[in-house]
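For reference, the structure discussed in these notes is given below.
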C-alpha cells in the first residue's frame, strides 16, 4: 500500500500529471492540503472532485501539523493520495509528513509538478541567476519582521535576483477568537505585489543600507501558470500602483540582468503596457 | 494558432500534465527538444510516440539555435507543440525561442512541469535555503573552468545550499571531425556524482580558499523523479566512491542545515545505507 504525495501544479484541475491522475483514481481516499497556497476555495475543490470522480477530504493546518495520523494509519492498508498545490516539497510541513511516513515504514511515492520556485522562469530571468528566496509576511503595527532585508542585500551585492514569496493567511483566528477558544476564522488574505513593494520601501527607509531603492528593477507577477497570468516589470516605485488583480501574486527583485533577461524586462515593461 | 511549449517533467511519458497531453493531441506537428537533458534516447522517444499516437520530430541543438524557423513558420497557421524535458524555462534557449515567437506575433502557451530546480526538494533540504545554482562542466587537460568556486564560497559563507547541475554532452563533435566538417558525433556523456566530487576537490586544492573541504556535507542524487531515484548523503570525500548508476546525476553542497534537514541528511546517509 502506498501513500502518494502528488503535486497539482499551479493552474487548474488539468495541471496534474497523467501519472498523478492514475494514482488518484486508484486511491481509496484522497486528501487535499488546504492551507499553504490553496486558491479559488470550494470552486477549485468542486472542479477537482468532478474531474477525479472522487470525494476529496480537506487537510487543514491542524490536521497536517498534528501529524495526519488518520491518513498515515490508513496508508498502511490502502492506497491513499495526498494532494498539494504546486510541488510536494514547496513547504516544510510536507517534508515533515514524508519523514513520519518513513518512520512508520509506509511506502511513499512522490509525483512532482511545477511550483512557483521554477515556474517564475517564464518572466525571462534565468533560474540559475537567482539567489536565496525570501518570504514577505504581512506587517502589523507591532511587528515588521525584516530578516529578508539581509538576504536581498547579499543577493544584490552578488548580482543575483531575489524571488519574494508573498504571505498567505488562510484559516487564521483573530486574537480575540483565539483567546476565547472559538474556532472562528478570518477571511483569507493574500499579499499583493503593491503591499510587497510598500513593505520593501518601508524597510529600506528604516535600514538605509542601500540593499535596493525605489528605482530598483523588479518584476511583479500574478497567477503564474494560469491562463490569465500577468507579468509586469518596472521599478519598485512604479509597481506600487499597478493593479495585478486576483491572487496569487509573486515578486522578483532583479540583480544584474544578462542581455536576454534585459530584453524580457523591456518586453514586459510597464511603459510598454500603457501604450 | 498556438505554439505550445510543454514541459515533460523528469520521469517517463506519463509525467506530462493532462493539459499538456491535450495540447499534444490536438497539435498538427510535435517537436521534441533533444539535447539539453534527453535521456534514454530512442527508447524514450518511442514511448512518447506510442503514448501520444503521434510522430515526433527531433529538434537538435542546430535546429533550436538556428531559430527553429520552420517550426515558428508553421505555428502561424497550425497548432504546434514543442516538448522540453523538465520545465520549459530550465534552459536559456527556450527563453530565446519564446522571445522570437513573440516578435513574430505567434501566440505562445506554456505548460509548466517539474524540473530539477524544484524536484531536488525531495532530498529534504528546503528550497528557500538554496543560494545560486552552479553548473559543473567536464574538465579537460587544458580547461578547468572554476568560476563555480566563487559562487559556492558565497553560498556557504551565508549558510546556503548549492545545487550543482552536472554537465551533459550530447551530439558533440570531436575537434578532428569538427575541423574536417564531418557531422559525426561522439557518444553522449553525462557527468557522474563521482566526477563532480573529484573536480570540486581538485579546485579546492588549487584555490585553497576553504569554500568547502573533503568533510563538507553533501547530497548525491540520481534519476530524480524517476522510479529508481537514488539519494545518498555523505561528505564530499565519501561520495567520490559511491556508485549512483545510470544518469542523470545531480549534486548538492550543503550550507547550514536546519534540524529537519539534518534528519534527512541522516536518513539518507551513506553509513545507514551500508548497514
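Chains as they are written, first to last, in the UniProt record's numbering: chain A, 1 to 275; chain L, 1 to 275. Ideal Cβ positions, reconstructed from N, Cα and C, are used throughout, including at glycine.
Original post:
Can you list, in chain order, the residues of its chain whose CB lies under 8 Å from that of residue 124/A, leaving out five sequence neighbours each side?
Top reply: 260, 261, 263, 264, 265, 267 and 268
Subject >> Spatially closest choice to residue 62/A from 54/A, 77/A, 24/A and 171/A, by CA coordinates >> reply: 171/A
**OP:** Can you pull the chain A residues whose beta carbon is under 7 Å from the beta carbon of residue 112/L, in chain order?
**Re:** 9, 10, 114, 119 and 225
**OP:** Could you tell me which chain L residues have their CB closer than 8 Å to the CB of residue 87/A, listed as they occur along the chain?
**Re:** 114, 118, 119 and 121
Subject >> Where residue 31/A sits in the DSSP three-state scheme >> reply: strand
Original post:
At what residue ranges does the region 230 to 273 of chain L contain a whole run of the alpha helix (DSSP H), taking only runs of 4 or more?
Top reply: 236 to 239 and 259 to 267
**OP:** Examine the Cβ distances between the region 142 to 152 of chain L and the region 111 to 121 of chain A and report whether three or more of them are shorter than 8 Å.
**Re:** no
**OP:** Name the residue from 192/A, 167/A, 137/A and 127/A whose alpha carbon lies nearest to the alpha carbon of residue 160/A.
**Re:** 127/A
Subject >> Cβ shell of residue 211/L (< 7 Å), same chain only, five flanking positions each side left out >> reply: 149, 152, 153, 156 and 204
**OP:** Select from the region 141 to 174 of chain L all residues with a C-beta closer than 7 Å to any C-beta belonging to chain A, and list them in chain order.
**Re:** 154, 158 and 160
Subject >> Own chain partners of residue 74/L with C-beta closer than 8 Å, once the 5 adjacent residues on each side are dropped >> reply: 28, 29 and 80
Original post:
Counting only beta-carbon atoms, is residue 199/A nearer than 8 Å to chain L?
Top reply: no
**OP:** Can you give me the Cβ contacts of residue 214/L inside the same chain, cut-off strictly under 7 Å, excluding the 5 residues immediately before and after it?
**Re:** 201, 235, 236 and 237
**OP:** Reducing DSSP to helix, strand and coil, say where residue 68/L ends up.
**Re:** coil
Original post:
Who are the neighbours of residue 262/A on chain L, taking C-beta pairs under 9 Å?
Top reply: Simply none; closest approach about 11 Å.
Subject >> residue 163/A, buried or exposed, once every other Cβ within 10 Å from all chains shown has been counted against 16 >> reply: buried
Original post:
Using the rule of at least 16 other Cβ atoms within 10 Å of the residue's Cβ for burial, across every protein chain shown, is residue 19/A buried or exposed?
Top reply: buried
Original post:
Got a sec: is the Cβ-Cβ distance from residue 19/L to anything in chain A below 8 Å?
Top reply: yes
**OP:** State yes or no: is the C-beta of residue 220/L within less than 8 Å of the C-beta of residue 239/L?
**Re:** yes
Original post:
Is DSSP giving residue 57/L helix, strand or coil here?
Top reply: strand
Original post:
Counting pairs of Cβ atoms below 8 Å between the region 46 to 53 of chain L and the region 46 to 57 of chain A, do you hit three or more?
Top reply: no
**OP:** Check the Cβ of residue 16/L against every Cβ in chain A and list those closer than 8 Å, keeping chain order.
**Re:** 17 and 18
Original post:
Going by Cα to Cα distance, which pick from 251/A, 82/A and 129/A is closest to residue 258/A?
Top reply: 129/A
Original post:
residue 49/L versus chain A: which residues are under 9 Å apart at the beta carbon?
Top reply: Near residue 49/L there are no residues of chain A at all, since even the closest Cβ is about 15 Å away, more than 9 Å.
Original post:
Considering only residues of the same chain and omitting the five flanking positions on each side of residue 26/A, which have a CB-CB separation below 7 Å?
Top reply: 79
Original post:
How big is the Cα-Cα spacing for residue 146/L and residue 13/A?
Top reply: 44 Å
Subject >> Exposed unless 16 or more other CB atoms sit within 10 angstroms - verdict on residue 106/L >> reply: buried
**OP:** Starting from the C-beta of residue 88/L, find all residues in its chain whose C-beta is less than 6 Å away, skip the five residues before and the five after it, and write them out in chain order.
**Re:** 5, 7, 94 and 110
Original post:
What's the gap between the Cα of residue 173/L and the Cα of residue 248/L?
Top reply: 21 Å
Subject >> Any C-beta of chain A under 8 Å from that of residue 234/L >> reply: no
Original post:
What are the boundary residues of the beta strand (DSSP E) that residue 165/L is part of?
Top reply: 162 to 166
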